[in-house]
Amino acid sequence: MSATLSESAPSYATVKNWVAEFKRGRETIQDEPCSGRPVTASTDQNKEKICDIILSDRRLIVEQIAKTVGISSERTYHIITTELGFSKVSARWVPRLFRVI
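Residue numbering for the sequence shown follows numbering that gives the first Met the number 0, beginning at 0 and increasing consecutively.
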């Protein structure tokens, strides 16, 4: 396998783990569903609230917006930048279309 795949070949330990998993009854190579808390902060309602807050006062900081909406600062920042498409320019939140290049 190393001759065929060279640098991208999996290590011996990785192949050994794969063999052990399939011997235990695993049937697919897909990842198993992970346990954990579902994302509840990125709701349409929270996105609307955040957008309204930003449009009413573009100088607010993420912590103030997060406190108002009642979700974490990290999730608020993700919604603002990734989902709503705003970026911070000269202490103001602006849509990405208008950012300085």
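Ideal placement from N, C-alpha and C gives every residue a C-beta, glycine not left out.
* If we ignore side chains and look at the alpha-carbon of each, how far apart do K22 and Q29 end up? -> C-alpha separation (whole angstroms): 16 Å.
* Asked: Among the residues of its own chain, which have a CB less than 8 Å from the CB of I52, if the five just before and after it don't count?
  -> Answer for I52: L59, I64, T67, V68, listed in chain order.
* Taking the C-alpha atoms as reference points, what is the distance between Y11 and T3? -> Here the alpha carbons of T3 and Y11 stand approximately 15 Å from one another.
* Rounded C-alpha distance that separates T39 from K15 -> Roughly 38 Å between the two C-alpha positions.
* Based on Cα-Cα distance, which residue from L83, I78, S72 lies nearest to E105? -> The structure shown has nothing for residue 105, since the chain only spans 0 to 100.
* Asked: In terms of residue numbering, what span does the beta strand (DSSP E) encompassing V88 cover?
  -> Per DSSP, V88 is one residue of the beta strand (DSSP E) stretching across 85-88.
* Hey, how far is the Cα of R82 from the Cα of E6? -> Note that residue 82 corresponds to Glu in the displayed sequence, not to Arg. A direct Cα-to-Cα measurement between E82 and E6 gives close to 37 Å.
* Asked: In or out: A17 buried (at least 16 other Cβ within 10 Å) or exposed?
  -> In the sequence as displayed, the identity of residue 17 is Trp instead of Ala. Taking every protein chain shown into account, the CB of W17 has fewer than 16 other CB atoms within 10 angstroms, so this residue is exposed.
* Asked: Per DSSP, which one or two residues make a beta bridge with W92?
  -> According to DSSP, which records beta bridges pairwise, W92 is partnered with K87.
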